[in-house]
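Notes follow once the structure below has been shown.
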Amino acid sequence: MKKTTLIAAFIFLSSISIFGQQAIDNASRVKINTFLTNVYYETLHSKATVQIDSTAVNNRKKTVELYVNPALSYLPMRENTVRHIYDSVRQYLPGQIKKYRLAIYSDKQEISNLVPNFYRTAHKDKSRIIAPKVKTPLVTNLSDPAGKAGKGLANNHIALWQSHGYYYEQKLGRWEWQRARIFQTVEDLYTQSYVVPFLVPMLENAGANVLLPRERDYNKTELIIDNDGSSPATAYRETSGSEAWRNTENPGFANPKKVYLDGENPFGMGSARQAKTIAKGKESVVEWSFDVPQKDTYGVYVAYQSTKNSADDACYTVYHAGGETRFSVNQQMGGGTWIFLGYFPFEPGKENKVVLSNKSRKAGKIVVADAVKIGGGMGNIARMPNMEGFESENIKSSETANNKKITVSAIPYSPETSGYPRYAEGSRYWQQWAGIPDTIYNRSEGKNDYTDDYASRGYWVNYLAGGSPVLSKAEGLKIPIDLAFAFHTDAGTLWGDSIVGTLGIYMTHFNNERFENGASRQASRDLTELIMQQVTDDVRRNFEPDWTRRPMWNRSYAEARVPNVPTMLLELLSHQNFADMRYGLDPAFRFTVSRAVYKGMLKFIASQYNRPYVVQPLPVKDFAAAFSGDTEVELSWQPTPDPSEPSAQPTKYIVYTRIDGSGFDNGIVVTSAHCKLPIEKDKLYSYQVVAANDGGKSFPSEILSVCHKSDSRGEALIVNGFTRVSAPYSFSASNDSLAGFVGNVDNGVPYISDHQFVGQMHEFRRVIPWMDDDAAGFGDSNADYETTEIAGNTFDYPYVHGQGFAEAGYSFVSCSAAAVENGTVSLSKYRLVDWILGKQREWSVARGAMPPKYKTFSPKIQEIVTDYCNGGGNILISGAFVGSDFWDNPRATDRDRNWAEQTLKFKLRNGNGAVAGKIKSAASPFASIAGNYEYYNTLNSESYAVEHPDAIEPVGNNAYTVFRYAENNKSAGVFFKGEKYRSCVLGFPIEAIKDQHKKNELIGGILKAME
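In the numbering used here, the protein residues as written are 51 to 1061.
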């Protein structure tokens, strides 16, 4: 007993010798805590306490370990940051401890381990690398002339989703949004305005296959063509060659019902057809043909089954208005759900079809034909309160609940669908329609759609990846997902111009910090930091230098925790904060943010695969189209440099052609910034250019058009000066009591079209708090536009105007205003110029941190137009702010106004010229200018809205009013007939006139008066 006591005492005294003689005193702790707290503030410009939680000093080994609270791990880490922290902290250590080997930990990680692999110069962490080897991706576009993006995202697969969606709230017995309607949108739709029009195309342009758990097609029409029964005006046909089509062993898709109830899976209600592949000989084909109700763009999905012997190169061909596009689909993965091929233009009465062939590189494999889906459609999942009881409380993604209260409804309900387009609904309903097992999307067993919606998304990722090298031991669709990404916006309010900003969330503290395949979950932090850094840098560079970068949280949110691949949850901004949303409603901001997210993903995947990367180019600029003789058109343009990405330089270009308003073809590749193409007389050609490099393709250019008439009355130049995209008009009172967006002043200009607008804002008092999602307080907005497509700037107006010129017998070419300004195009070559302004106006974003853009006529262009007119050139100008931009604009000058009066012979009378949308011709010396016209004055899906066009009046002799607004007789258009030139200035945009025939009539009358 005595011996045991002595041994214990010896051990105790030894421990004091090792750990106790050299301790870190309180004064040193305070200095270190102060330093680390200052590092936090200097990095994120926000306050947080960073402090030591515990220490371990080993005098024998001469080591000291500092365990700091998780706040330090919230910061972006680089090798130089880590060195700075270590060097500085060491100076605050007492006595001889300064010389000990120091290790600093935060959130269970030594801080050098928080440096992403991408930023490391050495000691890269191989444990966080997954990088599945993929020979054949899910879908390959065989008709894309750009080829494989070898330094982009070719062969990579990304799962991502926009937040929330329309859902059935059982405790209220109604369908509703998961967030409040605020600042003219709702988060359920708002994040979609990044993901669908910008982020997904960027990733696809880089070569990635992108999978979404929500409908991505905004078209409300849906056609199903299937061997088990099809929609009206469609047909399913088989042709057997040397290998016959026969039924598969397993059930396939069928659509026997108008609506589907809980647990019903259409992918188990029918059959599918299969045939062996051939390498040569007589092929077997399946044809899904269909007619569409209207000329439009439709998404195309295919369904099939994956078998043990599936072909990896099933060849699908889509026949559309622009020609035909071929795809290779790897049927070894993705069977039993909808696989998206792309968006295509279809027209009524044309040969619209999808064809599958059994030709393959390898004979004896299996191709499977099941259904084809055209368009997005309307929701068809019917819901009601669970008859056995429903969960009465919705648990957030970051929360857990041990005791879930179950309530049984006392009201007899019947199942009902949302009545909304499928794209508006949450992922829970899309997954049911897409054949995903109900164990994925119905984890509450039908008791809580809210939690099922967000919880399903992570399990959906795992189901996609199940059976692939990423998640080999799980059942699933065998798609090797490289990363998952959840795009959200946050809540929270601040006064004035203060930005809530960007937060990143990931999760490592799960499953022993490992994914199921054994890789380190620290890969999720790498992904989060790369995207956070890119978003912050790009937003600060292009929009708001004071944009707030918030922390990176390692927290147990379901969407960050459940996926077994590197995953980030992004909270981009606060949809509840006015200053954030002044940027957030701007399409150019959304483009920049989406490009930043894409670049962050690109860099992460490049570091995973240890390969170089190239960023896809920006859209080209200075586009021009001119005749080269009678049988050719010459196109020219310039690349747009990306100052932040030196690699984003184009190495080639793809030129797309459209004839007489059909669809664009698959394009041709050229290696220089100009080309000549053949044309035929009397056909209206349109062109679009995409820049490309080893990283992928840019977004398309504006569209230019030309037409060479056989018996031409002259050649005109159409100049597209309408480049504006913007958020709605917003204001903030000087005392900060009132603020908001005012659409009836200016609804802004969407990029192409918009689907996130719910209605006009009606609560402008900042002090009104949120009380309920149905009473959202400051920013509360109407709901009358929730399912309406809002037309924006299509960048296709030379075609619209050109039809009027062609009908009047004029040949025409077109160019961008920038091509005139930089001297590429000389106006003097043309007897007539048509200058399109649309809703162009000088415009600042949000608080105006960056210089304004979109001025109607720069000083240089003013000089060019003056010289053109003095040289005998005639000009037609139309735009909603043609006068306001010079008179009702604090940045306008006397020179601007003098130019308008002296050269164009008009002045502004009233910037609120009209609201009713009707114009009538006025008595004038020009008999050809006659008729009554209507323009789009409210938000709609056909044309951008002109809320209040300019009332303008003639200046000087020989200038006349030729149009008036019908409601008040204010002057709407001015025609000047001088000795040297003639000009016509309209205070409304021609392209906003309803009906193309009326546009042509108006243009034709003006052209006759110009002669």
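Quick reminder that beta carbons are idealized off the backbone N, C-alpha and C, glycines included.
Here the structure is a predicted model, which means the values were calculated and not measured.
- [ ] Would you list the one or two residues that DSSP bridges to A555?
- [x] Residue numbering aside, residue 555 sits at position 505 when the sequence shown is read from its first letter. Looking at the sequence itself, residue 555 is Ile, so the reference to Ala does not match. In the DSSP output, where bridge partners are listed per residue, I555 has W603 and L619.
Task: Contact set for K210: own chain, Cβ-Cβ below 6 Å, skip 5 residues either direction - done: As a position in the sequence shown, residue 210 is number 160, starting the count at 1. Correcting the residue identity first, residue 210 is Leu in this sequence and not Lys. Result list for L210: F535, in chain order.
Open item on the list: Less than 9 Å between the beta carbons of G933 and N716, yes or no?
Closed with: Translated into the one-based positions of the sequence shown, residue 933 becomes position 883. Translated into the one-based positions of the sequence shown, residue 716 becomes position 666. Not in contact: G933 and N716 (Cβ atoms no closer than 9 Å).
Open item on the list: Quick check: A353 and G427, are their CB atoms within less than 9 Å of each other?
Closed with: Taking the first residue of the sequence shown as 1, we reach residue 353 at position 303. Taking the first residue of the sequence shown as 1, we reach residue 427 at position 377. Against a cut-off of 9 Å, the Cβ pair of G427 and A353 comes out as no contact.
TODO: Confirm, please, whether the CB-CB distance from F936 to D946 is below 9 Å.
DONE: Stepping through the sequence shown from its first residue, residue 946 is reached at position 896. Stepping through the sequence shown from its first residue, residue 936 is reached at position 886. Yes, Cβ-Cβ distance for D946 and F936 is below 9 Å.
TODO: Round the Cβ separation of K726 and S762 to the nearest angstrom and send it over; I've been treating them as touching at under 8 Å.
DONE: Along the sequence shown, read from residue 1 onward, the residue named residue 726 stands at position 676. Along the sequence shown, read from residue 1 onward, the residue named residue 762 stands at position 712. About 20 Å separates the two Cβ atoms, so there is no contact after all.
Task: Contained beta strand (DSSP E) runs [length at least 3] in the stretch 721-781, N- to C-terminal order - done: You should have 724-728, 734-743, 754-757 and 765-770.
TODO: Could you name the residues of the same chain whose beta carbon sits closer than 6 Å to that of A1016, not counting the 5 residues immediately before and after it, in chain order?
DONE: Sequence index remark: in the sequence shown, residue 1016 carries index 966 (1-based). So the qualifying residues of the chain are K968 and K970.
Task: Integer Cβ distance of Y801 from P247, believed to fall under 8 Å - done: As a first step, residue 801 is located in the sequence shown; it is residue number 751 there, counting from the start. As a first step, residue 247 is located in the sequence shown; it is residue number 197 there, counting from the start. Right, their Cβ atoms sit about 7 Å apart.
Open item on the list: Using a Cβ-Cβ cutoff of less than 6 Å, which residues in the same chain neighbour N255 once the five nearest sequence positions on both sides are dropped?
Closed with: Here residue 255 refers to the residue found at position 205 when the sequence shown is read from its first residue. Cβ-Cβ distances below 6 Å link N255 to Q666, G746 and K747 in the same chain, with the five nearest sequence neighbours on each side left out; the list follows chain order.
Open item on the list: According to DSSP, F377 sits in a beta bridge with which residue or residues?
Closed with: On the sequence shown, position 327 is the one that residue 377 refers to. Note: F377 sits in a beta bridge opposite N191 and Y366.
TODO: Could you give the DSSP three-state label for F862: helix, strand or coil?
DONE: Taking the first residue of the sequence shown as 1, we reach residue 862 at position 812. Strand at F862.
TODO: In the DSSP assignment, find the unbroken beta strand (DSSP E) run with L685 in it and report its ends.
DONE: In the sequence shown, counting from the first residue as 1, residue 685 sits at position 635. L685 -> beta strand (DSSP E) spans E682 to Q688.
Open item on the list: Short of 8 Å in beta carbon distance, which residues of its chain neighbour V739, apart from the five on each side in sequence? Order them along the chain.
Closed with: Locating residue 739 in the sequence shown gives position 689, where the first residue counts as 1. Closer than 8 Å at the Cβ level, and outside the excluded window around V739, lie V670, F673, L685, W687, Y703, I704, V705, Y706, P750 and S751.
- [ ] Take every Cβ of the stretch 530-550, pair it with every Cβ of the stretch 626-635, and state whether three or more of those distances are shorter than 8 Å.
- [x] yes
- [ ] Count the other CB atoms, across all protein chains shown, that sit within 10 Å of the CB of S17; report buried if there are 16 or more and exposed otherwise.
- [x] Since the first and last residues shown for the chain are 51 and 1061, residue 17 lies out of range.
Task: Straight-line gap, G922 to Y1031 (C-alpha atoms, nearest Å) - done: Residue 922 sits at position 872 when you count from the first residue of the sequence shown. Residue 1031 sits at position 981 when you count from the first residue of the sequence shown. If you take the alpha carbons of G922 and Y1031, they lie about 5 Å apart.
TODO: Whole angstroms is fine: what's the gap from E337's alpha carbon to K345's?
DONE: Reading the sequence shown from its first residue, position 287 is the one you call residue 337. Reading the sequence shown from its first residue, position 295 is the one you call residue 345. Cα-Cα distance, rounded: 21 Å.
Open item on the list: I'd like to know if the stretch 139-151 and the stretch 167-179 are in contact, where contact means that at least 3 CB-CB pairs between them fall below 8 Å.
Closed with: no
Task: Span separating the alpha-carbon of G313 from that of V379 - done: Counting from 1 along the sequence shown, the entry for residue 313 is found at position 263. Counting from 1 along the sequence shown, the entry for residue 379 is found at position 329. If you take the alpha carbons of G313 and V379, they lie about 29 Å apart.
TODO: Within the same chain, show all residues whose beta-carbon is closer than 6 Å to that of G202, passing over the 5 residues directly before and after it, in chain order.
DONE: On the sequence shown, position 152 is the one that residue 202 refers to. Within the same chain, A256, G257, G745 and G746 come within 6 Å of G202 by CB-CB distance, once the 5 residues on both sides are set aside.
Open item on the list: Quick check: G859 and A1042, are their CB atoms within less than 9 Å of each other?
Closed with: Sequence index remark: in the sequence shown, residue 859 carries index 809 (1-based). Sequence index remark: in the sequence shown, residue 1042 carries index 992 (1-based). Contact: no.
- [ ] Could you tell me whether the Cβ atoms of I655 and L620 are closer together than 9 Å?
- [x] Position 605 of the sequence shown holds residue 655. Position 570 of the sequence shown holds residue 620. Contact: no.
- [ ] Alpha carbon to alpha carbon, how far is Y310 from S760? Give it in angstroms, no decimals.
- [x] The residue given as residue 760 occupies position 710 in the sequence shown. The residue given as residue 310 occupies position 260 in the sequence shown. If you take the alpha carbons of S760 and Y310, they lie about 58 Å apart.
Open item on the list: Spatial neighbours of T113 within its chain, please: C-beta separation below 6 Å, excluding the five flanking residues on both sides.
Closed with: Within the sequence shown, residue 113 is the residue found at index 63, counting from 1. For T113, where only same-chain residues beyond five positions count, the Cβ hits under 6 Å are Y150 and R151.
Task: Which of helix, strand or coil DSSP assigns to L635 - done: Start at 1 with the first residue of the sequence shown, and residue 635 comes out as number 585. Here L635 sits in coil by DSSP.
Task: Burial state of K415 (16 or more Cβ within 10 Å) - done: The residue you call residue 415 lines up with position 365 of the sequence shown. Label assigned to K415: buried.
TODO: Leaving out five residues on either side along the sequence, give the residues of the same chain with a beta carbon under 8 Å from the beta carbon of Q71.
DONE: Sequence index remark: in the sequence shown, residue 71 carries index 21 (1-based). Low confidence applies to Q71: its pLDDT is 48, below 50, so where it sits in the model is not reliable, and the reading given next is rough at best. Excluding sequence neighbours, Q71 sits near N109.
- [ ] For the stretch 632-643 and the stretch 564-571, state whether three or more C-beta atom pairs, one from each stretch, are separated by less than 8 Å.
- [x] no
Task: Cβ distance (whole Å) where T552 is taken to contact L623 below 8 Å - done: Residue 552 sits at position 502 when you count from the first residue of the sequence shown. Residue 623 sits at position 573 when you count from the first residue of the sequence shown. Right, their Cβ atoms sit about 7 Å apart.
TODO: Sort E609, A995 and R816 by Cα distance to F775 and report the nearest one.
DONE: Counted from its first residue, the sequence shown places residue 775 at position 725. One point to set straight first is that residue 775 is Val, not Phe, in the sequence displayed. When only C-alpha atoms are compared, the closest one is A995.
Open item on the list: Please identify the residue among T186, S477 and E836 whose C-alpha is closest to the C-alpha of D362.
Closed with: The sequence position of residue 362 within the sequence shown is 312, counting from 1. It is T186 whose Cα lies nearest to the Cα of D362.
- [ ] Assign I424 to one of two classes, buried (16 or more other C-beta atoms within 10 Å of its C-beta) or exposed (fewer than that).
- [x] Here residue 424 refers to the residue found at position 374 of the sequence shown. Looking at its Cβ environment, which holds 16 or more other Cβ atoms inside 10 Å, I424 is buried.
Task: Inter-residue spacing [alpha-carbon to alpha-carbon] between K270 and I840 - done: Mapped onto the sequence shown, residue 270 falls at position 220. Mapped onto the sequence shown, residue 840 falls at position 790. Looking at the two C-alpha atoms, the distance is approximately 14 Å.
Open item on the list: On the criterion of 16 or more Cβ atoms from any shown chain inside 10 Å, does F317 qualify as buried, or is it exposed?
Closed with: Residue 317 sits at position 267 when you count from the first residue of the sequence shown. Counting the other Cβ atoms within 10 Å of the Cβ of F317 gives 16 or more, which makes it buried.
Task: Those runs of the alpha helix (DSSP H) which lie wholly inside the stretch 823-885 and span at least 4 residues - done: 847-857 and 867-871
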